[in-house]
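In this note's numbering, the protein residues as written are 112 to 438. Ideal Cβ placement from N, Cα and C applies to all residues, glycine included. This structure is a prediction, so every number in the text was calculated from the model and none was measured.
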């Protein structure tokens, strides 16, 4: 057991909740133990009692009571050391970089975070995007493994908090491009269908919930048909007003126009064959937000992945000069 100590809040920790800060530095202390320390006033901020949800400020002092020593199991796992090839790869994806944010063009097939059988993922490569800073960037939103396009990263906790607030308040604009089977009518509209996560023989999937099912979460997607190829395929712009898992894929399939390559939800109907790739044809084309430093709208765009560009060429679709139809 160590004695009473004081620990300062670093600039990179500004805005972090006290409980998250505490568990980051002292993972051997359970949530229940921390709550007990707080109730008894053994953990204090600048000499005063505090709640676990308190947002910390750079320079504040946290009183740390005697704690059990960390074991090897308690210590946070060190990130895997990246090879020069890893660093070169992740940096080749960078679309935008400033002191607050980095945006990358995530390839289709690369997971954002690790999972079963996923040894290489964006989260594991973030050390390669530190550049001149000491801390690695932080994920602020997600893309499906098979969805390509703009993925935003925050370069500090303050920037991550700010982007999180913008996403929560829907002060950002996300534009997706997709190739769909068939051509939706009307050519412009919205899909409002609640979604819930369900487990089945094929694994975990999102499913539409109707009025008599209470567990569904509200989900709203806007769509705009930009071009059509003989009514068999369409180039569709999509924007998720809400951000549910697999929302765009489930919504498009539910109205009868699955996204090409989406066998998980569209089944065999989503694989037309021929020269059209079996990969998912869903791409996060752009991400727009008002930059906190310049106070101006910043739009970051990502070029299509090779398999989608090939399909565009085959079908006669032209993504050039297609501004966001939802703005």
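Taking residue 418 as the centre and dropping the five residues before and after it, the same chain places the C-beta of 388 and 390 closer than 6 Å to its C-beta, in chain order. Counting every other CB atom within 10 Å of its CB across the protein chains shown gives residue 142 a total below 16, marking it as exposed. Between the region 325-340 and the region 356-373, the count of C-beta pairs closer than 8 Å reaches three or more; the two stretches touch. With a cut-off of 8 Å on Cβ pairs, the region 211-218 is in contact with the region 259-268, counting three or more such pairs.
Per DSSP, residue 136 is one residue of the alpha helix (DSSP H) stretching across 129-136.
When beta bridges are read from the DSSP output, residue 232 appears opposite 222. Residue 438 counts as exposed, since fewer than 16 other beta carbons sit within 10 angstroms of its beta carbon. Across the structure, residue 224 and residue 251 are spaced so that their CA atoms are roughly 12 Å apart.
Annotation for residue 418: the continuous alpha helix (DSSP H) segment containing it runs 417-426. Assignment of alpha helix (DSSP H) within the region 253-300, counting only whole runs of 4 or more residues, yields 268-279 in chain order. In the structure shown, residue 329 adopts coil according to DSSP, grouped into three states. Boundaries of the beta strand (DSSP E) harbouring residue 205: 205-208, taken from the DSSP string.
Taking the CA atoms as reference points, residue 316 sits about 13 Å from residue 378. Excluding residues up to 5 positions away in sequence, 211 and 212 lie with their Cβ nearer than 7 Å to the Cβ of residue 270 in the same chain. Non-local beta-carbon contacts of residue 327 in its own chain, meaning distances under 7 Å to residues more than five positions away in sequence, involve 305, 306, 307 and 320 in chain order. In its chain, beyond the 5 residues on either side, 206, 207, 214, 261, 397 and 398 have a beta carbon closer than 7 Å to the beta carbon of residue 411. The C-beta of residue 203 has fewer than 16 other C-beta atoms within 10 Å across all chains shown, which makes the residue exposed. The C-alpha of residue 127 is placed about 25 Å away from the C-alpha of residue 405.
With a beta-carbon spacing of about 14 Å, residue 132 and residue 178 fall beyond the 8 Å limit used to define contacts. Ranked by how close their Cα comes to the Cα of residue 157, the residues 197, 221, 170 and 147 have 170 in first place. Between residue 293 and residue 343, the C-beta gap is smaller than 8 Å, which places the two residues in contact. The region 149-188 is shown to contain no whole alpha helix (DSSP H) run of 4 or more residues.
Residues of the same chain with a CB within less than 6 Å of the CB of residue 219, apart from the 5 flanking positions on each side, are 257, 259, 390 and 416 in chain order. With a cutoff of 8 Å on beta-carbon distance, residue 154 and residue 176 are scored as near each other. Per the DSSP secondary-structure output, residue 342 pairs with nothing in a beta bridge.
In this structure residue 193 is in contact with residue 239, their Cβ atoms being roughly 5 Å apart against a cut-off of 8 Å.
Collapsing the DSSP output to three states places residue 321 in coil. With a 10 Å radius around the Cβ and a threshold of 16 neighbouring Cβ atoms, residue 119 comes out exposed.
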